[in-house]
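Residue numbers (mature numbering (1 follows the signal peptide of the UniProt record, and there is no 0)): -26 to -1, 1 to 315.
Structural data, given as structure tokens:
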């Protein structure tokens, strides 16, 4: 008997549940709300799923072809990156991060609050998947369309662990969720393969979007991040995070802590690759991690701290523990920073 899949979700950090059968719904409640805030549940139909990404982008005041975020420095500072050994704060003294590159930006004003080698281009690993999601969002594709994972989706420049198998079938929304939350490489590869025009058109769209956004240090060669030629700077990734934040599906999917995928014949239990999202101690609106040897551990986040929306970027961390520690230190430092600082 054919299994009909439904996707049921709502955005802005409440809960998400996806039912995978027309008669039996496997639901997982995902709590991404602050402690003490009551959850609500909104269910919607397959017709809604088809338009999942159609109206998420806030295009007000956006130039044609994309939005350029202006990143500003404080008076008397320079846009030239400091030496590799130097970490510069523009207000109070703060933590010395181990990351090769880092940036904290006020998401409302574009003001740089913290910078370390933020203009240096380096491999970005699976942070690539954030642009993959933006390109999918911009294409307004049918999110309930079934995608079957092909052998080619598991072939790449590097071998990486995966819970997915050749022949697994999910709708496009679920594939996007798997790529953003669990950082599954075959999922990101399948999104590019099934894009109109295939992988070549998809990679072209990624690079065009980066150019339109003013991401001048960024180059994409594939959609997963396994290729070390995918490079960007902390500055460029801050611009990308600000753009990706406009899409409700990207916000929700990337900040989902846990999700159980019911494929009908087996369950896939998946958790977010960012421990700060899984632990729920911070108000993280959007998140993406990445790792390959050439890139080190990376993470980008859009967060709200003391009513200030901010973007945090860390690239080239030596270990996952160092990445988590640096992210936590920067968030703690940001929480103590005066709002007008």
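Heads up, the beta-carbon is just placed ideally off N, CA and C, and yes, glycines get one too.
- By the Cβ-count criterion, residue 292 is exposed, with fewer than 16 other Cβ atoms from all chains shown falling within 10 Å of its own Cβ.
- Contact annotation, residue 109 with residue 180: C-beta distance approximately 6 Å; criterion of less than 8 Å satisfied.
- Contact annotation: the segment 186 to 205 does not touch the segment 74 to 89, with fewer than three C-beta pairs closer than 8 Å.
- Between the alpha carbons of residue 103 and residue 160 lies a distance of about 11 Å.
- Shown here for residue 258: same chain residues with a beta carbon closer than 7 Å to its own, the five before and five after excluded, namely 229, 250, 251, 275 and 277 in chain order.
- Of the residues 128, 162 and 139, the one whose Cα lies closest to the Cα of residue 240 is 139.
- In the DSSP assignment, residue 244 is bridged to 233.
- In the same chain as residue 122, and ignoring 5 residues on each side of it, the C-beta atoms closer than 7 Å to its own belong to 141 and 143, in chain order.
- Taking residue 296 as the centre and dropping the five residues before and after it, the same chain places the C-beta of 72 closer than 6 Å to its C-beta, in chain order.
- Taken through DSSP and simplified to helix, strand or coil, residue 71 comes out as coil.
- Around the Cβ of residue 174, a 10 Å sphere holds fewer than 16 other Cβ atoms; the residue is exposed.
- Counting only residues of its own chain and dropping the five nearest sequence neighbours on each side, residue 166 has a CB closer than 6 Å to the CB of 173, 176 and 197.
- Cα atoms of residue 168 and residue 311: separation of roughly 45 Å, rounded to the nearest angstrom.
- Considering only 94, 301, 268 and 261, the residue with the shortest C-alpha distance to residue 131 is 268.
- Shortest Cα-Cα distance from residue 151 to any of 234, 301 and 256 involves 234.
- Residue 297 sits in a helix when the DSSP states are folded into three classes.
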